[in-house]
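Undergrad: Residue numbers (our numbering), protein chains in the order written: chain H, 1 to 247; chain W, 1001 to 1268.
For each residue, glycine too, the CB sits at the ideal point set by N, CA and C.
(1) Quick one: which chain W residues come within Cβ less than 7 Å of residue 151 (chain H)?
(2) Residues of chain H with CB closer than 7 Å to the CB of residue 1011 (chain W), please, in chain order.
(3) So which residues on chain W does residue 144 (chain H) lean against when the C-beta distance must stay under 7 Å?
(4) Kindly list, in the order they appear in chain W, the residues whose Cβ is closer than 8 Å to that of residue 239 (chain H).
(5) Is residue 1259 (chain W) close to chain H? Criterion is C-beta to C-beta, closer than 8 Å.
(6) Helix, strand or coil for residue 1192 (chain W), going by three-state DSSP, please let me know.
(7) Assign residue 1025 (chain W) to one of three DSSP states: helix, strand, or coil.
(8) Just the C-alpha distance for residue 221 (chain H) and residue 192 (chain H), rounded to the nearest angstrom, thanks.
(9) Are the CB atoms of residue 1120 (chain W) and residue 1155 (chain W) within a distance shorter than 8 Å?
(10) Name the chain W residues whose beta carbon is nearer than 7 Å to that of residue 139 (chain H)?
(11) Does residue 1268 (chain W) get closer than 8 Å to chain H when you measure Cβ to Cβ?
(12) Grab me the residues of residue 83 (chain H)'s own chain with a C-beta within less than 7 Å of its C-beta, minus the 5 sequence neighbours each way, in chain order.
(13) Does the beta-carbon of residue 1001 (chain W) have 16 or more other beta-carbons within 10 angstroms, so that it is buried, or is it exposed?
(14) Compute the distance between the beta-carbons of residue 1072 (chain W) and residue 1158 (chain W), then report whether it is under 8 Å.
(15) Consult DSSP for residue 150 (chain H) and reduce its assignment to one of helix, strand or coil.
(16) Taking CB distances under 8 Å as the criterion, tell me whether residue 1079 (chain W) reaches chain H.
(17) Could you work out which residues of chain W lie near residue 179 (chain H), taking near to mean beta carbons separated by less than 7 Å?
(18) Quick check: what's the CA-CA separation for residue 120 (chain H) versus residue 159 (chain H)?
(19) Taking buried to mean at least 16 other C-beta atoms within 10 Å of its own C-beta, is residue 74 (chain H) buried or exposed?
(20) Could you tell me if residue 1184 (chain W) is buried or exposed, where buried requires 16 or more neighbouring beta carbons within 10 angstroms of its beta carbon?
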């Protein structure tokens, strides 16, 4: 019974979204949209085409690399700035400022730095993701209850024990929330990076399809990206909730 | 049982006030001797430096002046083996199960795995946590979590247990019962207990001797012997002596508490 109830929300939401989509399709017609059934059929066909796979692989590689960089960099920066008050006071405002800059404005510079290949996309994706991860980690470290650190001192922990056995586990639920948001932004950054000055990847295909007014292709790629993002986000959200339940 | 377990000689504690560069004189000068195996409670107005006193004895923060001896040895910058501390705040680690929390209490004491397990089992049994060994702290009540923290202290077989208002966050009934548990555990372990509390009745019910502290800077104004038998429980509150002790405590504390409140008003 309880599993049934847990699934009721998501199922209702999916049914609701599909109905709204179908209704919108009936209103606008073939010029701008495809029906859900058509889109799913076309997406399926897309995966059968061998020419499709290099693009998917390109996006997947760029996204994976970007997320690894964003998490590593974000956590290291966040732990450092959270731990050292002086460093935090100096660099945190810079991070916040950088966060509010529309990152697209930095893309020309990244392209000049990294060239027209996959590296620029990775850098652009990581740039989107690492800032929220760093900011969440800073807060997570600062919010660790002082009593836990004090307890560590009663247990005669040295500094590395304090970091690895208390600080990181205590901050992990918050850090993970940052990673969840960072992941979504990294995906935006990666696909966005592919839409300009790129020869491969789903973002490039999408841009191309827009130019050719290939509504089937636009709908299919968008659909695939949305499904991927929704699945990954749901998994991370489930882990996130599990971690937070213990606090 | 009358040999000296802990002795403080002419101890003072001062803090650098953050930002302004001023100095807060929190504690002392203060002399105190704890006898081996006794139950010593400290009461005092809020902000009188009770917790500073505990941190100095624990070795968590060094005294500005004076010396603290534990079992004849000077306490340096770390918590000596043999001293366990339980705080008021919930100090259980939320990411570990009850059993894993308790194992941490063994610090890095080099003992065999069997001995380790035996000690953990004993502490779990003693604190009535058997059904909860695999639970996470979030699944437990505040009183139960405090038991976890006490068990974590017990596994290292401490000879001196420092309690910093350990029941301050609990409701009155739970507090009375936890008080009885602490008495039982005190008798079973034979450890010296140093309890800080703001509850006069708690001090009067639990302790052999009660130290009364002045408003800041905290000094010992009075030490009261309760004269309770070692075998006692919360029912001592019914005896006439209990009323006399709390009355005497309040008599010495009333003026100091007014002073402390006045200071707080002036500061705000």
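TA: According to the data block:
(1) 1091
(2) Near residue 1011 (chain W) there are no residues of chain H at all, since even the closest Cβ is about 20 Å away, more than 7 Å.
(3) Annotation: residue 144 (chain H) has no Cβ neighbours in chain W at a cutoff of 7 Å; minimum Cβ distance is about 11 Å.
(4) Correct list: empty, because the minimum Cβ distance to chain W is about 14 Å.
(5) no
(6) Assigned with DSSP and collapsed to three states, residue 1192 (chain W) falls in strand.
(7) Per DSSP, reduced to three states, the secondary structure at residue 1025 (chain W) is strand.
(8) Taking the straight line joining both Cα atoms gives about 13 Å.
(9) yes
(10) For a Cβ distance threshold of 7 Å, nothing in chain W lies close to residue 139 (chain H): the least Cβ distance comes to about 17 Å.
(11) Here residue 1268 (chain W) scores only 46 on pLDDT, less than 50, and its place in the model should not be relied on; the value that follows carries that caveat. No, residue 1268 (chain W) does not count as interfacial toward chain H.
(12) 141
(13) Residue confidence for residue 1001 (chain W) is low, a pLDDT of 43 falling below 50, so the modelled location carries little weight; the figure read from the coordinates is stated next. Answer is exposed; the Cβ neighbour count stays below 16.
(14) no
(15) In the structure shown, residue 150 (chain H) adopts helical secondary structure according to DSSP, grouped into three states.
(16) With 8 Å as the cut-off, residue 1079 (chain W) counts as an interface residue toward chain H.
(17) What residue 179 (chain H) touches in chain W: nothing, since even the nearest Cβ is about 17 Å away.
(18) Taking the straight line joining both Cα atoms gives about 38 Å.
(19) buried
(20) exposed
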